[in-house]
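Chains as they are written, first to last, in full-length UniProt numbering: chain A, 1 to 280; chain B, 1 to 247. Note that CB positions come from ideal geometry on N, CA and C, so glycine has one too.
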Amino acid sequence: MILAPHEPSAAQRRRQAYRRRQTVTSVLVAAASTAALGTLLVVAVIGAPGWDRVRASFADPAIARDALPEVLAGLWLNVRLLVCCAAGALLLGLLVAILRTLRGPVFFPVRALAAGYTYTFRGLPLIIVLYVLTLGVPGLRLQGMPPVLVLGGLALVLTYGGYLAEVFRAGIESVHPSQLAAARSLGLTYRQTMRHVVLPQAVRRVAPPLLNDVVALQKDVGLVSLAGPIDAVRAAQIATAETFNYTPYIVAGALFVLLAIPLIAVTDWVTLRAARRQGR
Amino acid sequence: MSLLRCRGLRKTFGGHVVLDGLDLSVDEHRVVALIGASGSGKSTLLRCVNLLEELDDGTIELDGQDISDPRVDPDRVRRRIGMVFQAYNLFPHLSVLDNVTLAPVRVHRRPRAEAEAQARELLDRVGLGAKANAYPDRLSGGQQQRVAIVRALANSPRLMLLDEVTSALDPELVGEVLALIRELKADGMTMVLATHEMGFAREVADQVCFLDGGRVVESGPPERVLGDPTEPRTRQFLRRIIEAGRL
Ligand SMILES: Nc1ncnc2c1ncn2[C@@H]1O[C@H](COP(=O)(O)OP(=O)(O)O)[C@@H](O)[C@H]1O
Ligand SMILES: [Mg+2]
């Protein structure tokens, strides 16, 4: 469509000029207040009586440089665990959620098992699952026992799978029954209806909470270090024990935040998009 | 021979009897309009015919086959019946084209290109060719309902069930949907439609059935059932409709 050129009226021009002035004023006020607050914070921290000692033990550049390689090596473990465990937990959660929706007497045992699983693993503290799997299970001395790292990952997958299953289930139940009726009336089987009509809508709707749980998982994967493997936080702890300086923790913390930023950004973007789609 | 024959249908919802020994026969290429007060069981009857509800008693035959037999695969039966709902029930995550091709591709295993060509042709016919790639929430109610009808037609059904397909529409959008149903009738489609549009029922239906108390109380040609009903309950219903200004 081609819009005919439109000459704004005097009233519209006055409104536009007013809005421009308002925008300039808003930007100036925001800049001034940010500068004032920033100055206040810096003065408060640097001017604090203990600042020099805190800086020496938490922000020592030399120690940060020395600790960085070990902390990075640990972080690599976090990243690998996060990717594998997030994928595993999402798959497990989806599977369990689908099993819980199956109707009919044949599926009773499957349903009961799935329900029992979500009840148990949502109630059980992660640390206990981790200890049982990484310290208890190897004690069985079975043939072909996977390494501790895999067992630790399994503990994370089992625990987070329980949460994610409930998120998926909420999504599945939020799809209106009339959508199922429409799909079935077209001759789609139950499986086809799930696959092509219910799940796409359900997953889209719960994508924000799902990603939120993945962000939480990112912080929990480090707990496998309780069983031996060295993650970023554990590497920082070791470095701290050697130097009696807490700077390595700050290094690890900064790296964690950097790692989380893309994930959180994606979560925000997906949430925003979902909100916009529903708002239309 | 009748394409659809319902005998003694009974359907209850937790002690509430909705269908109570209902009989209905629909011959091929005929259009039957179901009328009756809200809650008289029109939607329930259509859902039972499409096997979306389990019967409490009675039999339904389609093309001479007893489809109420529990050994019959309901998915195969539904492929032969098209259903259109009051609230359109389009799939919001799929484009118009994908809404229409879902069943041909997934159920009938037709090649996607072929299914899309057929879908575009059908959409063109109802004047929605330009909307093929739009999502349902960008369409007006009348356009959505026409897509829903096309989606049901893409299965090449033997029988179409239409459940108050214009009730959710703004008055000025009703016409475009009714025009499409008129065309279907001209093509010889067998249809059962629940409706509140008495004028339309009179025009398009070969037979009008008045439902009350879970049965077809009166049925016959529209001029007679709507113009000169013999049953007091039909008269009472039509009087209320006239008072509401809908005839
Ligand atoms: N799934 C259901 N559960 C319980 N009651 C229902 C259900 N579906 C329909 N009913 C009841 O059955 C009766 C008939 O409903 P319906 O077939 O929708 O009537 P109509 O389409 O003629 O307005 C109503 O009283 C309604 O409340
Ligand atoms: Mg109804």
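Closer than 7 angstroms at the beta carbon, the chain A residues around residue i
i, result
"Pro221 of chain B", "Chain A residues near Pro221 of chain B: none, gap ~29 angstroms exceeds 7 angstroms."
"Met83 of chain B", "Ser185"
"Arg110 of chain B", "Chain A residues near Arg110 of chain B: none, gap ~13 angstroms exceeds 7 angstroms."
Within chain B, the residues that residue i reaches when beta carbons sit closer than 7 angstroms
i, result
"His196 of chain A", "Leu102 and Arg106"
"Ser178 of chain A", "Phe85, Ala87 and Asn89"
Contacts of residue i in chain A (Cβ-Cβ under 8 angstroms)
i, result
"Pro92 of chain B", "Gln201"
"Leu52 of chain B", "Ala181, Arg184 and Ser185"
"residue 249 of chain B", "The first residue shown for chain B is 1 and the last is 247, placing residue 249 of chain B beyond what the model contains."
Whole-number beta carbon distance between residue j and residue i, since they are thought to touch under 8 angstroms
i, j, result
"Asn155 of chain B", "Gly187 of chain A", "6 angstroms"
"Leu45 of chain B", "Leu19 of chain B", "6 angstroms"
"Leu97 of chain B", "Ala132 of chain B", "4 angstroms"
"Asp75 of chain B", "Thr189 of chain A", "5 angstroms"
"Val129 of chain A", "Thr159 of chain A", "5 angstroms"
"Leu126 of chain A", "Ala155 of chain A", "7 angstroms"
"Thr195 of chain B", "Ile35 of chain B", "7 angstroms"
"Glu57 of chain B", "Arg112 of chain B", "The sequence given here has Asp at residue 57 of chain B, not Glu. The Cβ separation is near 43 angstroms, so there is no contact."
"Val148 of chain A", "Pro229 of chain A", "7 angstroms"
"Val32 of chain B", "Asp206 of chain B", "7 angstroms"
"Leu52 of chain B", "Ser185 of chain A", "7 angstroms"
"Ile181 of chain B", "Val208 of chain B", "Contact flag wrong, Cβ pair sits at about 15 angstroms."
"Ala114 of chain A", "Arg100 of chain A", "5 angstroms"
Reduced DSSP category for residue i - H, G, I as helix; E, B as strand; rest coil
i, result
"His16 of chain B", "strand"
"Glu61 of chain B", "strand"
"Val177 of chain B", "helix"
"Asp66 of chain B", "strand"
"Met194 of chain A", "helix"
"Asp23 of chain B", "strand"
"Gly220 of chain B", "strand"
"Val175 of chain A", "coil"
"Gly104 of chain A", "coil"
"Ile230 of chain A", "coil"
"Pro74 of chain B", "helix"
"Arg110 of chain B", "coil"
"Tyr88 of chain B", "coil"
"residue 259 of chain B", "Because chain B spans 1 through 247 in this model, residue 259 of chain B falls outside it and cannot be assessed."
"Leu99 of chain A", "helix"
"Thr267 of chain A", "helix"
"Asp228 of chain B", "coil"
"Glu7 of chain A", "coil"
Where residue i falls, given that 16 or more other Cβ within 10 Å makes a residue buried
i, result
"Pro109 of chain A", "exposed"
"Ser26 of chain A", "exposed"
"Lys185 of chain B", "buried"
"Tyr119 of chain A", "exposed"
"Leu91 of chain A", "exposed"
"residue 258 of chain B", "Here chain B covers residues 1 to 247 and nothing more, so residue 258 of chain B does not appear."
"Thr39 of chain A", "exposed"
"Gln12 of chain A", "exposed"
"Lys42 of chain B", "buried"
"Asp163 of chain B", "buried"
"Glu218 of chain B", "buried"
"Gly39 of chain B", "exposed"
"Gln144 of chain B", "buried"
"Ile242 of chain B", "exposed"
"Glu70 of chain A", "buried"
DSSP bridge partner residues for residue i (one or two, in chain order)
i, result
"Asp212 of chain B", "B:Arg215"
"Thr190 of chain B", "B:Leu159"
"Gln201 of chain A", "DSSP lists no partner for Gln201 of chain A."
"Ala119 of chain B", "Looking at the DSSP assignment, Ala119 of chain B forms no beta bridge with any residue, so it has no partner."
"Ala10 of chain B", "According to the sequence shown, residue 10 of chain B is Arg rather than Ala. DSSP, once it has assigned bridges, lists B:Asp20 and B:Asp57 as partnering Arg10 of chain B."
"Arg5 of chain B", "B:Ser25 and B:Glu61"
"Met145 of chain A", "Per DSSP, none; premise fails for Met145 of chain A."
"Gln207 of chain B", "B:Val32"
"Gly82 of chain B", "B:Met160"
Chain E contact for residue i (CB, 7 angstroms cutoff)
i, result
"Thr189 of chain A", "Among the chains of the structure shown, chain E does not appear; the protein chains present are A and B."
Contacts of residue i in chain B (Cβ-Cβ under 8 angstroms)
i, result
"Gln192 of chain A", "Arg106 and Val107"
"Arg204 of chain A", "His93"
Within chain A, partners of residue i - CB distance below 9 angstroms
i, result
"Asp170 of chain B", "Those within 9 angstroms of Asp170 of chain B in chain A number zero; the least Cβ separation is about 19 angstroms."
"Asn133 of chain B", "Those do not exist, as Asn133 of chain B stays about 17 angstroms from chain A at its closest Cβ, beyond 9 angstroms."
"Arg78 of chain B", "Arg184, Ser185, Leu186, Gly187 and Leu188"
"Asp63 of chain B", "Simply none; closest approach about 16 angstroms."
Any non-hydrogen atom of ligand 3 closer than 6 angstroms to residue i Cβ
i, result
"Val84 of chain B", "Ligands in the displayed structure: ligand 1 and ligand 2; ligand 3 is not one of them."
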